[in-house]
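Enquirer: In the order they appear, the protein sequences are chains A and B. The opening residue of the first sequence carries number 605 in my numbering; numbering runs sequentially from there. The opening residue of the second sequence carries number 189 in my numbering; numbering runs sequentially from there.
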Amino acid sequence: MTPSGSTSPAATAVSSQLSRARLAEIWETPADLRGILSSVDHKTIGKRYLVTAFVFFILGGLEAVVMRAQLVHGDMHLLTPEAYNQLFTMHGVTMIFLFASPVLSGFSNYLWPLMIGSRDMAFPRVNALSYWTFLLAGIFLYSSFLVGQAPDGGWFGYAPMTQRAYSPGLNIDFYALGLIYLGISTTVGAVNFIATFFTLRAPGMSLDRVPVILWGTLTVSFLIVFFIPALTVASTFLYLDRNVGTHFFDAANGGHPLLWQHLFWIFGHPWVYIVVLPAMGLASDIIPTFCRRPLAGYTFVALATIATGIVGSGVWLHHMFATGLPPLAMSFFSGASMTIAIPSGVSVAAWLATIWYGRPVFKVPFLFMIGFIILFVIGGVNGVMTAPVPFDWQLTDTYFVVAHLHYVLLGINVFPVFGALYYWMPKMSGRMMSERIGRWVFWLMFAGMNLAFFPMHITGMLGMARRVYTYPSGMGWDAANLVTTVGAVVFAAGVLLFLVDLVRSLRVGPLAGDNPWDAPTLEWSTTSPPPPYNFAVLPTVRSRYPLWEDRIPEGARSIVGRGPVLDDGRETIGTSPLDADPVAVLHMPPDSSWPLLLALALTVVFYALLAVSWLWTGVGALLVFICLVGWLTPSRPSRGAGED
Amino acid sequence: MATAAAALAIPYAPEAAHASGRWGMRLLIATESSFFAYLLFSYFYLGSMAPAWPPDGPPSLTVAGPDTVILLSSSVTLWWAERGIARGAQTRLRAGLLITFVLGAVFIALQAWEWSQKTFTPQTSAYGSLYFTVTGFHGAHVVAGLLMNLVVQVWAWRGLFTRDRHALVSNAALYWHFVDAVWVVVFTSLYLVPRLA
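Encoded structure:
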């Protein structure tokens, strides 16, 4: 410990150097193989999440490009119907489950401890488990291509088409088990975020001072805790129906196919918010930096985030308007669906007000934010259009819905994510990305996106059904489909250019310094890239924008970079849930191989279930048990512990 | 040691990693409760559309009734054990864990016997599928709780827990109480509600 307050400045500087060396020794993960496999550093895990999610993004993108080649004009036979089914299913599964959500987990994992002035997440080893299970569940799903039996029932895999009688291969088994496995990853990650939010915010970072991304991720973490189990139950039923002979979705024996749809959409609609709310949070944290002023209506944005999460969990029936539900139920869910426009409108108004009253600086991350707001409004409007039941009946299962969901997912997920990559990459790598290439990336992606998906509104209204591998020429759909394919290629070119810029930046990009954007939040107060211990001295926070306080003549002053250093081992400060008053110095766990071993044991279980081998399932379960015991075994009580 | 903690005037908590496990356990229980809620949603959803639910009338209480009492009493014995270690009483912890384990094992044995007496299987009808899946998942949670109990017992016999340091015992106990509470809901839904009709 370094009592910097009680010694002379020179002595402080020397001891501070010593502390940093000591902290680095305590927190650094060795660069050998064992270190790589056992690291629990949230920054390492966050970057792994980002890279892995990006690899899946590229795979899903390639699937899309192949599909667009097939649909470039009518009566094409580049792909068989079976191959097309697998491609559109895996495109959806990949983008929704293996990219959109994990990429946001990547940002949250990397940024949360830095933003809240902590040294790690509440459960560093659980964090590692969350990543390894994500990676292995993704590999599990993609291994289906090796046997030529990738999931082919659409990303929402409706019964009874997914029952064994109509889908005899392993395709749907990969899907059901892969989603259960991925659910474990998502759930333990969410638990970690919630615990971190309520225990590790820097002293003084009360609820009204947290960056907005935390509100987004916290809200969706609760959604994950409560709604992923619906998907797990649905997928379990599906697996049992297919492999054990149960009758959950079998109408002939007392089951019902709509049970699947209820369970799936109880999960599925909140999932839409799970992949957009943290991205909206990213935007709410990026926009103020480039408008040179605080976010307008912070409290309203935070409350709108939570409100969207709550209302969004009660609208699942709007995916089922065409299934013959009672009119009263449909009216209720139609009304609830339209209500969501209100909190969304509040957020948009707050961003526009921030821009209007600010002095915008049009750097690349900000361009992506503008693109995001425009696409969000379009995706919101064409979404509200399908909320009324009659219009939904007309458009369901057409390309109009494809247009809507891509405006939502690309607009509110991909655009903020790319903006966030341009914004935080200098923090992660220590090097700037190119402003000039970045503008090209933005305009290619923005033009490509609109070229690709705007015409789908029209083809949808003209009656073109989604999920059909080809269409007859001469229906009046050819021109629009050609434009869509061109748009997809332009978009892909933008992504490719981004990768070029990324590689170039990592090698020769100009050094970023601590705070290249002159941004207000705590992650910019440490070096780029941050040291393994994040902050030598944990900050004490007195306002929402700690690094902008010196421009406000009077008002609170946060304490950054001064105070006691916690260096008696892996330590950080635990604080109270609401006001973030310090309550204890917490001892954090060291690097551990158990998370990876546990994830591997789980993988054994899931492959055994795929092979319907109860023996190997038992072996895998035993391995899981051994790993859990190894993980949780407490050390002998040390003398003196509990006495200070 | 812990001088920084002294400078900040807050306690040094070397076991905080385990204590914050409390948050983890609470949230695990939240997500597992949701899991059972969706299982029971499915039970009532299919039941609401069936001509007769359960098809052969309500299941008998002869075994399930006493079994419920046994499982609930195991929560009391575990509570007694946890209170023991909170006062540093090692023997009470060990004895309480052991009795709890025996009661839980008896519950599972009786449940298995009840299963063997059923005239239907998971493959007979949707009701059979749900009956065995719901009680099966609950049973699996009891087994998980028993395994936790077993591990905690081994550590208790090795003297790893003290008056100030027994977060793992508390977490395992919380999980066991949750498994018991779920049974009350499952028992009410599957055994008692059909009797109301």
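Each residue gets a CB set at the ideal place from its N, CA and C atoms; glycine is no exception. All values derive from a computational prediction rather than experimental measurement.
Between PRO994 (chain A) and LEU384 (chain B), what straight-line distance do the alpha-carbon atoms span, to the nearest angstrom?
Expert: Distance between the alpha carbons of PRO994 (chain A) and LEU384 (chain B) is about 40 Å.
Enquirer: Can you give the beta carbon distance from HIS873 (chain A) to LEU234 (chain B), rounded, assuming they're within the 8 Å contact cut?
Expert: Not a contact, Cβ separation roughly 22 Å.
Enquirer: Under the DSSP definition of a beta bridge, which residues are partnered with ARG1174 (chain A)?
Expert: Looking at the DSSP assignment, ARG1174 (chain A) forms no beta bridge with any residue, so it has no partner.
Enquirer: Using only CA atoms, which one of A:ILE776, A:ASN689, A:TYR746 and A:PRO1120 lies nearest to PHE894 (chain A)?
Expert: Taking only the C-alpha atoms, the option nearest PHE894 (chain A) is A:PRO1120.
Enquirer: Rounding to the nearest angstrom, what Cα-Cα distance links ILE982 (chain A) and SER951 (chain A) in this structure?
Expert: Distance between the alpha carbons of ILE982 (chain A) and SER951 (chain A): 15 Å.
Enquirer: For PRO199 (chain B), which residues from the same chain have a beta carbon less than 6 Å from its beta carbon, with the 5 sequence-adjacent residues on both sides left out?
Expert: Around PRO199 (chain B): no qualifying Cβ.
Enquirer: With a threshold of 8 Å between beta-carbons, can LEU281 (chain B) be considered close to chain A, or not?
Expert: No - not a single Cβ of chain A is within 8 Å of the one on LEU281 (chain B).
Enquirer: Measuring CA to CA, which of A:THR909, A:VAL814 and A:THR1088 is closest to HIS677 (chain A)?
Expert: Looking at the Cα atoms, A:THR1088 is the closest of the given residues.
Enquirer: Using a Cβ-Cβ cut-off of 6 Å (strictly less than) and excluding sequence neighbours within five positions of PHE727 (chain A), which residues of its own chain qualify?
Expert: So the qualifying residues of the chain are ASN796.
Enquirer: For the structure I just gave you, are there three or more beta carbon pairs, one from the region 918-932 of chain A and one from the region 1178-1192 of chain A, closer than 8 Å?
Expert: Counting Cβ pairs under 8 Å, fewer than three are found: no touch.
Enquirer: Give the residues from the region 1178-1212 of chain A that approach chain B closer than 8 Å (Cβ to any Cβ), ordered along the chain.
Expert: Against chain B - using a Cβ distance shorter than 8 Å - the residues of the region 1178-1212 of chain A are GLY1178, PRO1186, VAL1187, ALA1188, VAL1189, LEU1190, HIS1191, MET1192 and PRO1193.
Enquirer: So what's HIS851 (chain A) in DSSP terms, helix, strand or just coil?
Expert: Of the three classes helix, strand and coil, the one that applies to HIS851 (chain A) here is coil, per DSSP.
Enquirer: Residues in its own chain within less than 8 Å of SER230 (chain B) by CB, not counting five upstream and five downstream?
Expert: Only LEU318 meet the Cβ criterion.
Enquirer: Quick one: residues in its chain with C-beta nearer than 6 Å to the C-beta of VAL1006 (chain A), no 5 flanking neighbours on either side, listed in chain order?
Expert: The residues are MET1060 and ARG1070.
Enquirer: Given VAL374 (chain B), which residues of its chain have a CB within under 8 Å of its CB, disregarding the five upstream and five downstream residues?
Expert: Excluding residues within five positions, the ones whose Cβ falls inside 8 Å are PHE224, LEU228, VAL322, THR323 and HIS326.
Enquirer: What residues in its chain sit with their C-beta under 7 Å from that of LEU1101 (chain A), if we drop five residues either side in the sequence?
Expert: Taken in chain order, the residues that qualify are ILE1041, TRP1044, VAL1045 and LEU1048.
Enquirer: What is the DSSP secondary structure of ILE944 (chain A), counted as helix, strand or coil?
Expert: In this structure, ILE944 (chain A) counts as coil in the three-state DSSP scheme.
Enquirer: Just tell me which of A:VAL1208, A:ARG1174, A:PHE852 and A:VAL1145 has its CA closest to the CA of ARG1161 (chain A).
Expert: Comparing Cα-Cα distances from ARG1161 (chain A) to each of A:VAL1208, A:ARG1174, A:PHE852 and A:VAL1145, the minimum goes to A:VAL1145.
Enquirer: Run down chain B in chain order and give the residues with a C-beta less than 8 Å from the C-beta of VAL829 (chain A).
Expert: Within chain B, the residues near VAL829 (chain A) are LEU215, ALA218, THR219 and SER222.
Enquirer: In angstroms, rounded to a whole number, what distance separates the CA positions of TRP997 (chain A) and VAL1072 (chain A)?
Expert: Cα to Cα, the separation comes out at about 19 Å.
Enquirer: Indicate whether at least one CB of chain A lies closer than 8 Å to the CB of TRP343 (chain B).
Expert: Chain A contact via Cβ: present.
Enquirer: So which of A:PRO772, A:TYR762 and A:LEU1009 has the shortest CA-CA distance to MET1053 (chain A)?
Expert: When only C-alpha atoms are compared, the closest one is A:LEU1009.
Enquirer: Taking DSSP's pairing of strands, which residues face HIS1191 (chain A) in a bridge?
Expert: Its beta-bridge partners are A:GLU1175.
Enquirer: Please classify TRP960 (chain A) as buried or exposed, where buried requires at least 16 neighbouring CB atoms within 10 angstroms.
Expert: So TRP960 (chain A) ends up on the exposed side.
Enquirer: Does the CB of ASN1138 (chain A) have a neighbour CB from chain B at under 8 Å?
Expert: No, ASN1138 (chain A) lies away from the interface with chain B (no Cβ there is under 8 Å from its Cβ).
Enquirer: Do three or more CB pairs link the region 767-786 of chain A to the region 1208-1215 of chain A at distances below 8 Å?
Expert: Yes: the two stretches touch, three or more of their Cβ pairs being nearer than 8 Å.
Enquirer: Tell me the DSSP secondary structure of SER612 (chain A) in three-state form.
Expert: Note that SER612 (chain A) has pLDDT 49, beneath the 50 cutoff, so the model's placement of it is unreliable and the number below is only indicative. DSSP places SER612 (chain A) in coil when its eight states are reduced to three.
Enquirer: Of all the beta strand (DSSP E) runs that stay within the bounds of the region 717-798 of chain A, which reach a length of 3 or more residues?
Expert: Whole beta strand (DSSP E) segments, 3+ residues: zero.
Enquirer: So is THR850 (chain A) in contact with chain B if we call contact Cβ pairs under 8 Å?
Expert: So yes, THR850 (chain A) belongs to the interface.
Enquirer: Taking HIS860 (chain A) as the query, report the chain B residues whose CB atoms sit under 9 Å from its CB, ordered along the chain.
Expert: Ordered by position in chain B, the residues that pass the 9 Å Cβ test against HIS860 (chain A) are TYR233, LEU234, MET237 and ALA314.
Enquirer: By Cβ distance, which residues of its chain are closer than 8 Å to THR903 (chain A), with the 5 residues on each side in sequence left out?
Expert: For THR903 (chain A), where only same-chain residues beyond five positions count, the Cβ hits under 8 Å are ASP812.
Enquirer: LEU215 (chain B) to PHE1229 (chain A), Cα distance in whole Å?
Expert: Distance between the alpha carbons of LEU215 (chain B) and PHE1229 (chain A) is about 20 Å.
Enquirer: Any idea if ALA344 (chain B) is buried or exposed, counting beta-carbon neighbours within 10 angstroms, 16 or more meaning buried?
Expert: Under this definition ALA344 (chain B) is a buried residue.
Enquirer: Roughly how many angstroms lie between the CA atoms of ARG280 (chain B) and ARG210 (chain B), to the nearest whole one?
Expert: Each residue's Cα considered, the two are about 23 Å apart.
Enquirer: Using the beta-carbon count (16 or more within 10 Å), is TYR770 (chain A) buried or exposed?
Expert: Label assigned to TYR770 (chain A): exposed.
Enquirer: Counting only Cβ pairs nearer than 8 Å, list the residues of chain E close to TRP211 (chain B).
Expert: Structure shown: chain E not included; protein chains present are A and B.
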